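Novice: Dropping the structure in here first, questions after.
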Amino acid sequence: MGLFSSRIDAWVLAEGVETEAEAHRRPTSVCPWPRATSSAVPGPPGCPSTPPAGAVLADRAAAPGATLRPLLQRTPTVRRGEPLGDIFVDGVSWVVVIDDHGRPLGLVTPSSAVSGELLVSFRVGVDASPADVAYRLSTGADCPSLPAMVTDDVGRYLGVVPLRRLLGHLAAAVVRQ
811 MGLFSSRIDA WVLAEGVETE AEAHRRPTSV CPWPRATSSA VPGPPGCPST PPAGAVLADR
871 AAAPGATLRP LLQRTPTVRR GEPLGDIFVD GVSWVVVIDD HGRPLGLVTP SSAVSGELLV
931 SFRVGVDASP ADVAYRLSTG ADCPSLPAMV TDDVGRYLGV VPLRRLLGHL AAAVVRQ
């Protein structure tokens, strides 16, 4: 299911993750976005309750490097239909084209600007884990060498994460272990 969803650029959502055990058992590469309930399911009288999954998932999200936030790189943006002008001066590699609501539509590189081509890149939410993004890029992106366009929870553009930066972050995490 995870491989199929990555190839069609979809995310799998796990509903009803309620216990700590369920939160730990969930494979993040297949289902990076669980939806926890606010409290654990009550057990029989006299049995200790298990911690709610929400606490486990919040701890995971708060761990250093658990999200794309520290990897964000700002790039220039233009609204759809606006001229690029001299935007590629000073070593700019990518320009993100956004719609009227600030949502990314695609990227333009210096070479694609010449041909007028808008490159469709992988879009991902800022709270996704770097490992999940690397997995999705490796299994489903049409052009994984383009940076991932990162959005907030309502789809507005925040920045990009270049593949080299993502791989460096993941490699550093392995070396630290």
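This note's numbering puts the first residue of the sequence shown at 811, with every later residue one more than the last. Yeah, the Cβ is synthetic: ideal placement off N, Cα and C, and Gly gets one too. Here the structure is a predicted model, which means the values were calculated and not measured.
Could you give the uninterrupted runs of the alpha helix (DSSP H) lying entirely in the region 948-977, keeping only those of 4 residues or more?
Specialist: If we require 4 residues or more, the region 948-977 turns out to have no alpha helix (DSSP H) run fully inside it.
Novice: Alpha carbon to alpha carbon, how far is V888 from L894?
Specialist: Counting from 1 along the sequence shown, the entry for residue 888 is found at position 78. Counting from 1 along the sequence shown, the entry for residue 894 is found at position 84. Distance between the alpha carbons of V888 and L894: 7 angstroms.
Novice: Closer than 8 angstroms is the cut-off here; do at least three beta carbon pairs connect the region 935-954 with the region 889-908?
Specialist: No, because fewer than three Cβ pairs between the region 935-954 and the region 889-908 fall closer than 8 angstroms, the two stretches do not touch.
Novice: Name the DSSP bridge partner or partners of V888?
Specialist: Here residue 888 corresponds to residue number 78 of the sequence shown, with the count starting at 1. Bridge partners of V888: V907.
Novice: Should D910 be labelled buried (16 or more other beta-carbon atoms within 10 Å of its own) or exposed?
Specialist: As a working note, residue 910 is residue 100 in the sequence shown. Its Cβ having fewer than 16 others within 10 Å, D910 is exposed.
Novice: If I measure Cβ to Cβ from T877 and keep anything under 6 angstroms in the same chain, skipping five residues before and after, which residues do I get?
Specialist: In the sequence shown, counting from the first residue as 1, residue 877 sits at position 67. So the qualifying residues of the chain are D937.
Novice: Quick one: measure Cβ to Cβ for Q883 and R974, integer angstroms, because I've assumed they're closer than 8 angstroms.
Specialist: By one-based count along the sequence shown, residue 883 stands at place 73. By one-based count along the sequence shown, residue 974 stands at place 164. Actually they are not in contact, since the Cβ atoms of Q883 and R974 sit about 10 angstroms apart, beyond 8 angstroms.
Novice: Can you find at least 3 beta carbon pairs, one from the region 961-974 and one from the region 907-922, that sit closer than 8 angstroms?
Specialist: Enough Cβ pairs lie closer than 8 angstroms, so yes.
Novice: I think V970 touches A982, with their Cβ atoms under 8 angstroms apart; what is that distance to the nearest whole Å?
Specialist: Here residue 970 refers to the residue found at position 160 of the sequence shown. Here residue 982 refers to the residue found at position 172 of the sequence shown. No, V970 and A982 are not in contact; Cβ-Cβ is about 19 angstroms, not under 8 angstroms.
Novice: Using 9 angstroms as the threshold, is the C-beta distance between V924 and W904 below it?
Specialist: Translated into positions along the sequence shown, residue 924 becomes position 114. Translated into positions along the sequence shown, residue 904 becomes position 94. No, the pair does not count as a contact, with Cβ atoms beyond the cut-off.
Novice: Measure from the alpha carbon of V902 to the alpha carbon of each residue in G891, I908 and P886, then state which is nearest.
Specialist: As a first step, residue 902 must be located in the sequence shown, where it is residue number 92. Nearest option by C-alpha distance: P886.
Novice: Find the nearest neighbour of R933 within the set E927, Q987 and V906, judged by alpha-carbon distance.
Specialist: Locating residue 933 in the sequence shown gives position 123, counting from the first residue. Comparing Cα positions, the closest option is V906.
Novice: Here's the rule: buried if 16 or more other CB atoms are within 10 angstroms of the residue's CB, otherwise exposed. What is D900?
Specialist: If you number the sequence shown from 1, residue 900 lands on position 90. Exposed, because fewer than 16 other Cβ atoms sit within 10 Å of the Cβ of D900.
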